[in-house]
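Peer 1:
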Amino acid sequence: GAGVSQSPSNKVTEKGKDVELRCDPISGHTALYWYRQRLGQGLEFLIYFQGNSAPDKSGLPSDRFSAERTGESVSTLTIQRTQQEDSAVYLCASSSPAGDRNQPQHFGDGTRLSIL
Amino acid sequence: AQSVTQLDSQVPVFEEAPVELRCNYSSSVSVYLFWYVQYPNQGLQLLLKYLSGSTLVKGINGFEAEFNKSQTSFHLRKPSVHISDTAEYFCAVRRSSYDKVIFGPGTSLSVIP
Chain B
1 GAGVSQSPSN
11 KVTEKGKDVE
21 LRCDPISGHT
31 ALYWYRQRLG
41 QGLEFLIYFQ
51 GNSAPDKSGL
61 PSDRFSAERT
71 GESVSTLTIQ
81 RTQQEDSAVY
91 LCASSSPAGD
101 RNQPQHFGDG
111 TRLSIL
Chain F
1001 AQSVTQLDSQ
1011 VPVFEEAPVE
1021 LRCNYSSSVS
1031 VYLFWYVQYP
1041 NQGLQLLLKY
1051 LSGSTLVKGI
1061 NGFEAEFNKS
1071 QTSFHLRKPS
1081 VHISDTAEYF
1091 CAVRRSSYDK
1101 VIFGPGTSLS
1111 VIP
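Heads up: the sequence lines are chains B and F, in that order. Per our numbering, the first sequence runs over residues 1 to 116. Per our numbering, the second sequence runs over residues 1001 to 1113.
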């Protein structure tokens, strides 16, 4: 079946522009996560959705970052007034609660964002 | 708060040699543990997971990991590595089904021909 899909796969934009990154989770997965991975570094948690609500937004680095999810499916991560330090790969993952058994996250291939 | 430590940022190993990638975690409650692999320019794939039961967990591609509660460790092992195992490996913990996953900083495994 289809996995987690992210678009665009690559995005190059000028400093100061706004960007919107999209994540389509696996159908039926109620949990959705956004991570940032800078070059040569580990995953930095940004935000977590359970359904349409976001119980944990603690990882969003500044008020320039926001995310929303509608219909318990697609999520968009928006970065306003981009800065060069925003350059990274943005990874999305989804998982299913599947009752009382923990389920792993399924990752998309990421969006590689480059700020000039 | 939970945290994950991967002490080795880079591990070079010769082809067909054994390898162990170390992972230690800290948490005041029981956790679920995972190992993920990331190949160049790709997302993460699940290698294996520990939820409960047997402390030795077998995953894909010949990898296994052992949960040690007293040492709060979940080291990843493979008896004989291949060139194709060259990748970044991430250890991760999660408190419950409805909680975020915390990742370690990753270990870069380089298999030398």
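Every residue gets a Cβ at the ideal spot worked out from N, C-alpha and C, and that includes glycine.
Between F/Arg-1095, F/Glu-1088, F/Ala-1001, which lies nearest to F/Leu-1046 when the distance is taken from Cα to Cα?
Peer 2: F/Glu-1088
Peer 1: On the DSSP letters alone, give me the boundaries of the beta strand (DSSP E) that B/Phe-65 sits inside.
Peer 2: 65-69
Peer 1: Taking 8 Å as the threshold, find out whether the stretch 1073-1093 of chain F comes into contact with the stretch 16-31 of chain B through three or more Cβ pairs.
Peer 2: no
Peer 1: Output, in chain order, the set of chain F residues within a Cβ distance shorter than 7 Å of B/Gln-105.
Peer 2: Val-1101
Peer 1: Can you name the residues of chain B whose CB is closer than 9 Å to the CB of F/Phe-1090?
Peer 2: Gly-42, Leu-43
Peer 1: With distances taken between CB atoms, is the gap from F/Lys-1078 to F/Phe-1063 smaller than 8 Å?
Peer 2: In contact: F/Lys-1078 and F/Phe-1063 (Cβ atoms closer than 8 Å).
Peer 1: Need the endpoints of the beta strand (DSSP E) that B/Ala-31 sits in, please.
Peer 2: Its beta strand (DSSP E) spans residues 31-37.
Peer 1: State yes or no: is the C-beta of B/Glu-20 within less than 8 Å of the C-beta of B/Asn-52?
Peer 2: no
Peer 1: Output needed for F/Thr-1005: all residues of its chain with C-beta closer than 6 Å, excluding positions within five of it in sequence on either side, in chain order.
Peer 2: Asn-1024
Peer 1: Give a yes or no on whether 8 Å exceeds the smallest Cβ distance from F/Leu-1109 to chain B.
Peer 2: no
Peer 1: Does B/Gln-109 come out as helix, strand or coil in the three-state DSSP assignment?
Peer 2: First, the residue type needs correcting, since residue 109 of chain B is Asp and not Gln in the sequence shown. B/Asp-109 falls in the coil class under three-state DSSP.
Peer 1: Please report the distance separating the alpha-carbon of F/Lys-1058 from that of F/Trp-1035.
Peer 2: Approximately 11 Å, taken between the alpha carbons.
Peer 1: F/Glu-1020 to B/Pro-25, Cα distance in whole Å?
Peer 2: 33 Å
Peer 1: Does the stretch 36-51 of chain B come close enough to the stretch 1103-1113 of chain F that 3 or more CB-CB pairs lie under 8 Å?
Peer 2: yes
Peer 1: Could you work out which residues of chain B lie near F/Pro-1105, taking near to mean beta carbons separated by less than 8 Å?
Peer 2: Gln-41, Gly-42
Peer 1: Hey, how far is the Cα of B/Asp-18 from the Cα of F/Pro-1018?
Peer 2: 47 Å
Peer 1: Along the chain, where does the beta strand (DSSP E) containing F/Glu-1088 start, and where does it finish?
Peer 2: 1087-1094
Peer 1: So for F/Asn-1041, helix, strand or coil by DSSP?
Peer 2: Coil.
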